[in-house]
């Protein structure tokens, strides 16, 4: 059974007609169930709950041992939905960023609080009730769709995420790291975005935040888990990537979060799946469940390149994927149906 739990309606309205286009592509590509996980910042409720996060001090670097102070696994989960395992079958980056014309018209420099404020607040205003209502009505009508949300993680914003999750009956929440302090490192098309950045330090800071997010216990899935590579920046040989992968996998396991294998990276400058094979193998060693995702922002990308995602997952030892059903285990077909 193939599922695609990470996609966005943001390029169209919250209407059944627009949702049906995503479902139609899923059917064509053999995806049995989809989940819409709209970006949290789109909603008025989230804008209010998060507040001016860009004014917070930059995140502290990780401790020498790789552990993080003040963040122990939380008992709170994203919803009462019961996850189960099904045998494994078979934009942020690039979406809504300031164009060159926008920057000519006075956008602040990237990496500043002023830039982050303008980017974030310019994308709110949508109704969470309208969004949730569309998906719950579709599910009630028998359509194979789940209600999710993708929440940006910032240290100290755990209460904001909880407040938003309490406003709708989400089937699951996806955690993601797109910002290191006020620096949105994955904003395609922003001139000078990585200028003057130490790539090794960026990787260390990113993975520290990823681990904190996972250990918060708020998220059932961790999105595009090595997103820091999205624009093709690679760390030096001196950076111990294996240690970063292992610590992140430990954090996923401790927080009860699945690792997402995402095909979105194939459509980005990095040109490869998220996560790297070594990262996914570390997750497998630590018993971290698996989720599949396209991170589609348009209907034609739903389930795209899932043959490559499944091949990577199987090569790393996975045979099952995480699925969700409200209040009860989902059916788990036996055998290798859909794996070819």
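Numbering (the numbering used here), first residue to last: 226 to 565.
From the three backbone atoms N, C-alpha and C, an ideal C-beta is built for every residue, glycine too.
Check                                                                                                                   : Outcome
Buried versus exposed, by CB contacts within 10 Å (16 or more), residue 249                                             : exposed
Cross-strand partners of residue 567 (DSSP beta bridge)                                                                 : Residue 567 lies beyond the range of the chain shown here (226 to 565); nothing can be said about it.
9 Å Cβ cutoff met for residue 274 and residue 357                                                                       : no
Sub-9 Å separation of residue 214 and residue 388 beta-carbons                                                          : Any property of residue 214 remains undetermined from this structure, which presents the chain solely from 226 to 565.
Cα-Cα separation between residue 457 and residue 486, rounded to whole angstroms                                        : 18 Å
Proximity below 9 Å, CB of residue 440 to CB of residue 479                                                             : yes
Close-in-space but distant-in-sequence residues of the same chain around residue 383 (CB under 6 Å, 5 per side omitted) : 441
Rounded Cβ spacing between residue 284 and residue 380 (contact assumed at less than 8 Å)                               : 5 Å
Beta-carbon proximity list for residue 324, same chain, < 6 Å, skipping 5 on both sides                                 : For residue 324, the pLDDT reaches just 47, beneath the cut-off of 50, and the residue's location in the model is therefore unreliable, although a value from the coordinates is still provided. So no residue of the chain qualifies.
Touch test, the stretch 526-545 against the stretch 500-511, Cβ-Cβ under 8 Å, three pairs minimum                       : yes
Straight-line gap, residue 300 to residue 445 (C-alpha atoms, nearest Å)                                                : With a pLDDT of only 27 at residue 300, under the threshold of 50, the placement of this residue in the model should not be trusted, and no figure is reported.
Runs of alpha helix (DSSP H) wholly within the stretch 362-423 (minimum 4 residues, chain order)                        : 383-390
Under the three-state DSSP convention, the category residue 243 falls into                                              : helix
From 471, 547, 509 and 335, residue whose alpha carbon lies closest to that of residue 414                              : 335
Residue 229 (DSSP reduced to helix, strand or coil)                                                                     : strand
CB of residue 431 within 9 Å of CB of residue 452, strictly                                                             : yes
Own chain, CB closer than 6 Å to residue 461, minus 5 neighbours either side, in chain order                            : 425
Within 9 Å, strictly: CB atoms of residue 448 and residue 375                                                           : yes
Burial state of residue 420, where buried means 16 or more other Cβ atoms lie within 10 Å                               : exposed
Distance between beta carbons of residue 377 and residue 266, contact taken as under 8 Å                                : 7 Å
From 443, 364, 232 and 404, residue whose alpha carbon lies closest to that of residue 241                              : 364
Residue interval of the alpha helix (DSSP H) (run including residue 535)                                                : 531-540
Euclidean distance between Cα positions of residue 338 and residue 354                                                  : 30 Å
Own chain, CB closer than 8 Å to residue 349, minus 5 neighbours either side, in chain order                            : 266, 267, 268, 269, 271 and 272
Residues near residue 488 by beta carbon distance below 7 Å, same chain, minus five either side                         : 498, 519, 529, 530, 531, 533 and 534
Burial state of residue 524 (16 or more Cβ within 10 Å)                                                                 : buried
CB contact flag (residue 344, residue 412, <9 Å)                                                                        : yes
Cβ pair residue 454, residue 490 closer than 9 Å                                                                        : yes
Same chain only: Cβ atoms within 6 Å of residue 260, ignoring 5 sequence neighbours per side                            : 230, 371 and 373
For residue 257, the first and last residue of its enclosing beta strand (DSSP E)                                       : 256-264
Residue 341 and residue 407 closer than 9 Å at C-beta                                                                   : yes
Of the listed residues 394, 423 and 422, nearest to residue 362 (C-alpha basis)                                         : 394
DSSP state of residue 250 mapped onto helix, strand, coil                                                               : helix
Alpha carbon of residue 511 to alpha carbon of residue 473, nearest angstrom                                            : 10 Å
Cβ-Cβ distance between residue 233 and residue 521 below 9 Å                                                            : yes
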